[in-house]
Amino acid sequence: MQKITIIGAGPAGLLLAHYLLSRDRFQVEMYDRLDDPRLLENAGNRTFPLSLQERGTKALQGIPGLAEKIADRATFCTGTMLYSQSGKPRIVKREKPILCIDRHELVTILLNELTQNHTGDRLKITFNCCCTEIDAEAKLVTLETENGERLTTHYELLVGADGARSRVRECSVNSTDLNCEQSYALDDYKSLFLNRINSDESIALAPDKIHASNIGNQIRILLVPQPGDRLNGTIIFKRDKNPFENFSTVAELKAFFQENFPLFSQLMSSEEAESLFERAIGRIVTVKCDRFHHSNSILLIGDAAHAVSPSIGQGCNMALAEAKVVAELSDRHGDNWSQILAEFSRQQVPEARALQELSDYCFPRSKWLILEFFLRLRIRRLLNRWFPQWFKPFLFDLIFDTDCSYSEIVQDYRFWIDRVKRNTESFQ
Ligand SMILES: Cc1cc2nc3c(=O)[nH]c(=O)nc-3n(C[C@H](O)[C@H](O)[C@H](O)COP(=O)(O)OP(=O)(O)OC[C@H]3O[C@@H](n4cnc5c(N)ncnc54)[C@H](O)[C@@H]3O)c2cc1C
Numbered sequence: 001m002q003k004i005t006i007i008g009a010g011p012a013g014l015l016l017a018h019y020l021l022s023r024d025r026f027q028v029e030m031y032d033r034l035d036d037p038r039l040l041e042n043a044g045n046r047t048f049p050l051s052l053q054e055r056g057t058k059a060l061q062g063i064p065g066l067a068e069k070i071a072d073r074a075t076f077c078t079g080t081m082l083y084s085q086s087g088k089p090r091i092v093k094r095e096k097p098i099l100c101i102d103r104h105e106l107v108t109i110l111l112n113e114l115t116q117n118h119t120g121d122r123l124k125i126t127f128n129c130c131c132t133e134i135d136a137e138a139k140l141v142t143l144e145t146e147n148g149e150r151l152t153t154h155y156e157l158l159v160g161a162d163g164a165r166s167r168v169r170e171c172s173v174n175s176t177d178l179n180c181e182q183s184y185a186l187d188d189y190k191s192l193f194l195n196r197i198n199s200d201e202s203i204a205l206a207p208d209k210i211h212a213s214n215i216g217n218q219i220r221i222l223l224v225p226q227p228g229d230r231l232n233g234t235i236i237f238k239r240d241k242n243p244f245e246n247f248s249t250v251a252e253l254k255a256f257f258q259e260n261f262p263l264f265s266q267l268m269s270s271e272e273a274e275s276l277f278e279r280a281i282g283r284i285v286t287v288k289c290d291r292f293h294h295s296n297s298i299l300l301i302g303d304a305a306h307a308v309s310p311s312i313g314q315g316c317n318m319a320l321a322e323a324k325v326v327a328e329l330s331d332r333h334g335d336n337w338s339q340i341l342a343e344f345s346r347q348q349v350p351e352a353r354a355l356q357e358l359s360d361y362c363f364p365r366s367k368w369l370i371l372e373f374f375l376r377l378r379i380r381r382l383l384n385r386w387f388p389q390w391f392k393p394f395l396f397d398l399i400f401d402t403d404c405s406y407s408e409i410v411q412d413y414r415f416w417i418d419r420v421k422r423n424t425e426s427f428q
């Protein structure tokens with residue numbers, strides 16, 4: 001039986017553990033720096049909604065019963081309502097519903113199912129235990145518990161599934177010939193928690209639509225319905241246009257929402273306005289690596305390998321899909337990890353590069369290009385319906401509703417991506 005050590009019990013690490021334990025030749029040891037999510041009633045500021053489409057849901061379906069458990073706690077959205085500043089909606093419909101689930105909820109279900117399906121000594125999970133150092137030569141990983149105790153353990157294969165600020169990646173870059181670049185996306189965000197209904201004002205937003213609004217190309221809000229009439233989402237803004245910098249009181253924050261997002265401001269409770277005022281700003285790290293492995297003993301997956309801007313909501317979809325890719329490669333190559341890891345990098349690095357381009361340059365920021373985007377969307381959907389043999393689906397439909405490779409999509413839509421890129425660069 002081979003021991004796999006996974007750092008990070010997020011979506012990528014947990015689904016990988018499911019896949020490995022569904023083969024009877026592995027045992028899994030997992031560590032996460034945070035508390036067990038099952039013990040937190042409310043993940044509060046740490047969570048945000050995730051939308052999962054074809055790639056993510058296909059990966060979940062590989063583990064019997066898992067997709068159904070997740071679907072039970074998810075909402076399904078059949079389109080997006082885009083609101084003008086006056087609150088007038090425009091709908092962008094979708095044929096295939098998108099599964100939307102809170103990150104905390106997703107992780108809790110993945111963990112619950114994992115511990116229920118795999119009892120005994122093949123699975124060991126330790127929370128509040130942070131990876132601090134790696135000795136890649138001696139294959140040793142050092143971890144620190146919340147009360148400062150340090151423990152060092154030997155690994156055969158170490159998987160860094162520890163997110164965008166991965167310590168496994170950092171240590172590997174410092175001690176091996178792995179090359180990675182890390183930078184911050186142009187946008188920052190704060191999580192936002194609103195009510196979907198305000199009966200006093202006769203407002204009830206659709207429970208099966210994503211709700212969105214923006215002020216020019218600077219500030220946008222995305223809200224996703226949750227079970228229990230809640231709307232969870234994010235307010236996203238360019239770093240140099242951070243509206244929160246200008247507020248010295250909660251009343252100023254409320255006035256800003258009333259003026260710029262009048263509809264959403266009527267769904268914000270006084271408690272949420274106070275929490276939002278205090279809530280920390282999230283900075284989005286993006287990561288580019290030249291490969292995702294070192295020798296036959298270190299593998300990076302999910303955000304640890306290739307964090308991207310969340311603008312088109314694909315990071316988690318790709319992270320989940322990669323857990324399945326690792327398991328499939330291990331079925332094909334047995335326990336030849338140098339072959340498995342090299343093949344993983346060969347397949348996934350170009351995919352990550354393509355996803356990076358799509359995330360940065362798929363949706364335009366300028367008003368005129370946004371109009372052109374919707375015109376193209378409408379025309380391409382009609383052409384695809386009438387002449388599917390000649391016209392592939394529209395860019396977003398390929399990303400969301402198919403598992404066509406990201407590199408192929410970039411190739412097909414190179415013209416549009418370059419156009420948005422030139423336009424975006426002219427704004428910076
Ligand atoms: C605002 C926002 C909205 C998003 N929306 C979407 C969306 O709609 N759809 C989508 O597909 N993606 C979306 N994403 C991206 C998605 O959240 C990530 O791609 C996904 O969470 C990656 O999963 P992961 O398991 O690789 O990393 P993470 O989710 O970051 O999990 C990493 C885990 O590692 C642990 N960890 C970190 N460091 C250490 C350490 N040193 N030692 C031990 N443990 C450690 C962390 O506690 C965490 O549990 C969004 C991201 C943001 C910020």
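The opening residue of the sequence shown carries number 1 in UniProt numbering; numbering runs sequentially from there.
Think of the CB as a built atom: it goes at the ideal place given N, C-alpha and C, for glycine as much as any other residue.
Beta carbon of residue i, beta carbon of residue j: below 8 angstroms?
i    : j    : result
F391 : L383 : yes
T286 : R365 : no
K209 : T78  : yes
C129 : Y31  : yes
D177 : F237 : no
F394 : L377 : yes
L66  : A327 : no
A342 : H293 : yes
K241 : I219 : yes
F256 : L194 : no
G160 : I298 : yes
L300 : L267 : no
R279 : S191 : yes
Would you mind sorting residue i into buried or exposed? The rule is 16 or more other CB atoms within 10 Å of its CB.
i           : result
D200        : exposed
R23         : exposed
Q116        : exposed
T152        : exposed
residue 429 : In the structure as shown, the chain starts at 1 and stops at 428, and residue 429 therefore has no counterpart that could be examined.
E322        : buried
P225        : buried
M1          : exposed
D303        : buried
N147        : exposed
F26         : buried
F48         : buried
R283        : exposed
W386        : exposed
E149        : exposed
Keeping to the same chain, check which residues put their C-beta closer than 6 angstroms to that of residue i; ignore five residues upstream and five downstream.
i    : result
V173 : C180
C362 : I312
Q314 : L355
R38  : T108
G62  : K324
V250 : A273, E274 and F277
F247 : L253
Report the rounded CA-to-CA distance for residue i versus residue j, giving the unit in angstroms.
i    : j    : result
I281 : T119 : 39 angstroms
I370 : L123 : 49 angstroms
S309 : I235 : 14 angstroms
R414 : L358 : 10 angstroms
S426 : F76  : 37 angstroms
V141 : R103 : 27 angstroms
I109 : Q258 : 37 angstroms
R422 : L82  : 25 angstroms
L14  : H211 : 30 angstroms
P262 : S213 : 10 angstroms
L320 : A138 : 30 angstroms
I203 : R196 : 8 angstroms
I417 : A305 : 23 angstroms
L223 : T132 : 36 angstroms
S345 : V92  : 36 angstroms
I4   : N112 : 20 angstroms
I379 : I134 : 53 angstroms
Q182 : H18  : 29 angstroms
P388 : E95  : 16 angstroms
A74  : S269 : 23 angstroms
R167 : L114 : 24 angstroms
H154 : P89  : 57 angstroms
T126 : L158 : 15 angstroms
Q348 : I6   : 19 angstroms
For residue i, which residues of its own chain have a beta-carbon under 7 angstroms away from its beta-carbon, when the five flanking residues on both sides are left out?
i    : result
L106 : P11, L50 and I70
Q339 : H333
D403 : E54, R55 and K58
Y406 : E351, A354, L355 and L358
N260 : Q85 and I215
Note down, in chain order, each residue of its chain lying with its Cβ closer than 8 angstroms to the Cβ of residue i, except the 5 sequence neighbours on either side.
i   : result
L40 : H104
D35 : F127 and N128
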